[in-house]
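Working notes, beginning with the structure itself.
The structure is reproduced here in structure tokens:
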């Protein structure tokens with residue numbers, strides 16, 4: 005298993021964000037982490053990335069508890085700009101290259117060229133969407149075992165979304181897995197193997213996309229709207 | 117990995133800290149030029165002279181405050197602001213993050229302090245030299261022969277300083293540098309520990325960190341004040357020896373010990389707080 009969560013719980017100031025999550029993600033899967041606002045998607049991703057500590061339960065990344073060993077296997081993309089704006093794109097690539105042995109700078113420069121992003125520009129001079137593209141390029145230029153992508157396409161235009169999804173598909177190993185959190189379900193559902201529906205900090209559904217489509221005769225987007233509309237979300 | 121952390125920390129801080137330290141050097145050079153003018157020689161220009169000295173002291177203090185604030189703000193933004201999502205996702209131990217920032221920040225703080233001391237010492241020496249040159253005061257005239265022409269009189273001046281303060285001038289400067297080196301560590305760690313304590317609070321983390329800084333600063337100053345008061349009590353019971361001489365000499369040792377203890381306690385606290393569970 006690439007990611008294994010057992011009885012995972014987390015609360016903020018007494019308000020529960022995750023309640024006893026049991027989740028297993030095997031290798032070679034692209035998993036959509038879907039749910040309404042406040043359902044615990046970002047919390048789950050941050051726990052797996054080691055930015056939050058669980059109140060109870062365990063998380064293992066390829067058998068490693070969260071720590072330096074697990075972090076070397078995880079490529080994490082947060083849902084906001086997180087790089088120092090004074091750095092140039094080239095310097096950010098150098099930083100990733102220094103700390104992640106699986107980082108491939110040539111791939112990063114290749115993707116930058118395709119998106120016409122100048123590596124000598126400072127990050128603060130880039131638009132919000134371009135910054136997000138740079139961050140995604142940095143995350144996807146690693147040969148990681150687990151990619152944790154929190155809203156990777158939220159801030160980019162529809163034309164760039166296709167390129168980004170193509171980038172995600174073409175830049176990960178068959179042995180690796182991707183966990184993507186997003187609200188833009190219709191845009192990504194074609195690349196997903198599995199979906200996890202989170203609701204009020206609990207797993208509502210965890211199934212393969214094909215199976216769900218077959219059983220419901222609906223797209224994942226339509227199913228999501230139905231599930232969460234019925235529950236009052 | 118630790119070396120890489122240090123490399124990037126150095127790279128990210130050198131522009132700002134170099135600017136602060138170059139400003140100090142520039143300030144000292146300007147001071148040297150002003151001392152070569154006649155502004156300090158005439159009674160009519162004394163208000164200007166007072167203003168210049170005031171401006172110089174304020175500038176020195178500003179450089180020190182700016183350097184410490186910059187290092188603390190960087191510690192906060194880099195580890196607990198949005199950049200923390202990058203730093204805490206790196207495959208390194210939390211203690212390595214602390215140590216890289218502490219070593220680089222401390223190196224800059226020390227450089228800043230030593231430049232301040234060198235600036236004051238140089239300008240004080242030049243002022244004394246100019247004064248002696250202008251007034252021909254007998255007690256200061258040996259300074260004019262500092263080149264070695266009249267060693268006997270230089271020894272006299274040093275002895276006079278030692279009689280009053282318990283140290284020769286260079287010995288006093290050295291002791292002061294040692295005190296400053298340890299107090300720099302305590303000062304930087306006060307900022308870091310305050311930020312780390314602020315992270316324990318659910319809301320208003322920055323305001324809490326400022327509150328913790330004030331509390332820790334006051335605690336350090338109180339303990340240090342008590343410790344440097346102790347020698348005066350001993351000095352009062354001494355007979356036959358100058359009170360000031362004994363007090364200055366012993367006070368310096370107590371002050372250094374208090375800063376070493378404060379630095380050690382704050383370092384352990386910072387290490388403990390960095391190792392606690394992360395919640396960004």
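Residue numbers (our numbering), protein chains in the order written: chain A, 5 to 237; chain B, 117 to 396. Here a beta-carbon is modelled for each residue, glycine too, at the ideal position from N, C-alpha and C.
Buried versus exposed call for residue i [16 or more other C-beta atoms within 10 Å across all chains shown]
i, result
"residue 156 of chain A", "buried"
"residue 221 of chain A", "exposed"
"residue 69 of chain A", "exposed"
"residue 199 of chain A", "buried"
"residue 125 of chain B", "buried"
"residue 296 of chain B", "buried"
"residue 11 of chain A", "exposed"
"residue 21 of chain A", "buried"
"residue 50 of chain A", "buried"
"residue 116 of chain A", "buried"
"residue 338 of chain B", "exposed"
"residue 90 of chain A", "exposed"
"residue 30 of chain A", "exposed"
"residue 163 of chain B", "exposed"
"residue 193 of chain A", "buried"
"residue 17 of chain A", "exposed"
"residue 152 of chain B", "exposed"
"residue 158 of chain B", "exposed"
Whole-angstrom distance between residue j and residue i, CA atom to CA atom
i, j, result
"residue 237 of chain B", "residue 341 of chain B", "25 Å"
"residue 142 of chain B", "residue 129 of chain B", "20 Å"
"residue 148 of chain A", "residue 99 of chain A", "16 Å"
"residue 343 of chain B", "residue 381 of chain B", "16 Å"
"residue 39 of chain A", "residue 232 of chain A", "8 Å"
"residue 316 of chain B", "residue 325 of chain B", "10 Å"
"residue 378 of chain B", "residue 336 of chain B", "7 Å"
"residue 385 of chain B", "residue 191 of chain B", "16 Å"
"residue 74 of chain A", "residue 228 of chain A", "32 Å"
"residue 263 of chain B", "residue 201 of chain B", "Here residue 263 of chain B scores only 42 on pLDDT, less than 50, and its place in the model should not be relied on; the value that follows carries that caveat. When rounded, the distance between both Cα atoms is 59 Å."
"residue 321 of chain B", "residue 303 of chain B", "20 Å"
"residue 159 of chain A", "residue 146 of chain A", "22 Å"
"residue 104 of chain A", "residue 206 of chain B", "8 Å"
"residue 193 of chain B", "residue 247 of chain B", "49 Å"
"residue 225 of chain B", "residue 174 of chain B", "18 Å"
"residue 163 of chain A", "residue 170 of chain A", "12 Å"
"residue 389 of chain B", "residue 285 of chain B", "42 Å"
"residue 294 of chain B", "residue 239 of chain B", "20 Å"
"residue 376 of chain B", "residue 327 of chain B", "23 Å"
"residue 112 of chain A", "residue 196 of chain A", "24 Å"
"residue 209 of chain B", "residue 53 of chain A", "14 Å"
"residue 308 of chain B", "residue 221 of chain B", "11 Å"
"residue 392 of chain B", "residue 217 of chain A", "45 Å"
"residue 161 of chain B", "residue 232 of chain B", "26 Å"
"residue 189 of chain B", "residue 122 of chain B", "18 Å"
"residue 241 of chain B", "residue 135 of chain B", "26 Å"
"residue 260 of chain B", "residue 245 of chain B", "Here the model assigns residue 260 of chain B a pLDDT of 46, short of 50, so the residue's position is not dependable, and the following value carries that caveat. Approximately 7 Å, taken between the alpha carbons."
"residue 109 of chain A", "residue 117 of chain B", "18 Å"
Extent of the continuous alpha helix (DSSP H) to which residue i belongs
i, result
"residue 124 of chain B", "118 to 151"
"residue 95 of chain A", "93 to 103"
"residue 62 of chain A", "Here residue 62 of chain A belongs to no alpha helix (DSSP H); instead the beta strand (DSSP E) covers 60 to 65."
"residue 175 of chain B", "162 to 196"
"residue 297 of chain B", "285 to 314"
"residue 189 of chain A", "189 to 192"
"residue 72 of chain A", "72 to 75"
Segment limits, beta strand (DSSP E) that includes residue i
i, result
"residue 10 of chain A", "7 to 16"
"residue 210 of chain A", "206 to 212"
"residue 150 of chain A", "150 to 154"
"residue 19 of chain A", "19 to 29"
"residue 157 of chain A", "Unbroken run through residue 157 of chain A: none, as it is neither H nor E."
"residue 203 of chain A", "198 to 203"
"residue 240 of chain A", "Because chain A here runs from 5 to 237, residue 240 of chain A falls outside it and cannot be looked at."
"residue 78 of chain A", "78 to 81"
"residue 185 of chain A", "181 to 185"
Heavy atom of the ligand PLP within 8 Å of residue i beta-carbon
i, result
"residue 91 of chain A", "This structure simply doesn't include the ligand PLP, nor any ligand for that matter."
Open item on the list: At a CB distance below 7 Å, what residues from the stretch 89 to 116 of chain A approach chain B? Give them in sequence order.
Closed with: Result list: 99, 102 and 103.
TODO: Could you list the residues in the stretch 196 to 213 of chain B with a C-beta less than 7 Å from some C-beta on chain A, going in chain order?
DONE: Residues of the stretch 196 to 213 of chain B with a C-beta atom less than 7 Å from some C-beta of chain A are 198, 199, 201, 202, 204, 205, 206, 207, 208 and 209, listed in chain order.
Task: At least 3 beta-carbon pairs within less than 8 Å: the stretch 107 to 127 of chain A vs the stretch 142 to 155 of chain B - done: At 8 Å Cβ cutoff, the stretches do not touch.
Open item on the list: Residues of the stretch 157 to 182 of chain B in Cβ contact with chain A at a cutoff of 8 Å, in chain order, please.
Closed with: From the stretch 157 to 182 of chain B, no residue has a Cβ closer than 8 Å to chain A.
- [ ] Check each residue of the stretch 376 to 396 of chain B: if its Cβ is closer than 9 Å to any Cβ of chain A, include it; give the result in chain order.
- [x] 392, 393, 394, 395 and 396: these are the residues of the stretch 376 to 396 of chain B whose beta carbon lies less than 9 Å from some beta carbon of chain A, given in chain order.
- [ ] Quick one: which residues of the stretch 55 to 71 of chain A get their C-beta closer than 7 Å to a C-beta of chain B? List them in chain order.
- [x] Going along the stretch 55 to 71 of chain A in chain order, one finds 55, 56 and 57 with a Cβ nearer than 7 Å to chain B.
TODO: Specify whether the stretch 209 to 229 of chain B and the stretch 179 to 188 of chain B touch according to this definition: at least 3 beta carbon pairs, one from each stretch, less than 8 Å apart.
DONE: Touching, per the Cβ criterion.
TODO: Please determine if the stretch 192 to 206 of chain A and the stretch 32 to 46 of chain A are in contact, where contact requires at least 3 C-beta pairs separated by less than 8 Å.
DONE: Touching, yes, given that three or more Cβ pairs across the two stretches are closer than 8 Å.
- [ ] Please determine if the stretch 126 to 138 of chain A and the stretch 53 to 71 of chain A are in contact, where contact requires at least 3 C-beta pairs separated by less than 8 Å.
- [x] Three or more Cβ pairs closer than 8 Å define a contact, and the stretch 126 to 138 of chain A falls short of that threshold against the stretch 53 to 71 of chain A.
- [ ] Using a Cβ-Cβ cut-off of less than 7 Å, give me the residues of the stretch 301 to 325 of chain B that come near chain A, in sequence order.
- [x] With the criterion set as a beta carbon lying under 7 Å from some beta carbon of chain A, the members of the stretch 301 to 325 of chain B are 318, in sequence order.
Open item on the list: For the stretch 141 to 165 of chain A, list every residue whose C-beta sits within 7 Å of some C-beta in chain B, in sequence order.
Closed with: Those would be none; no residue qualifies.
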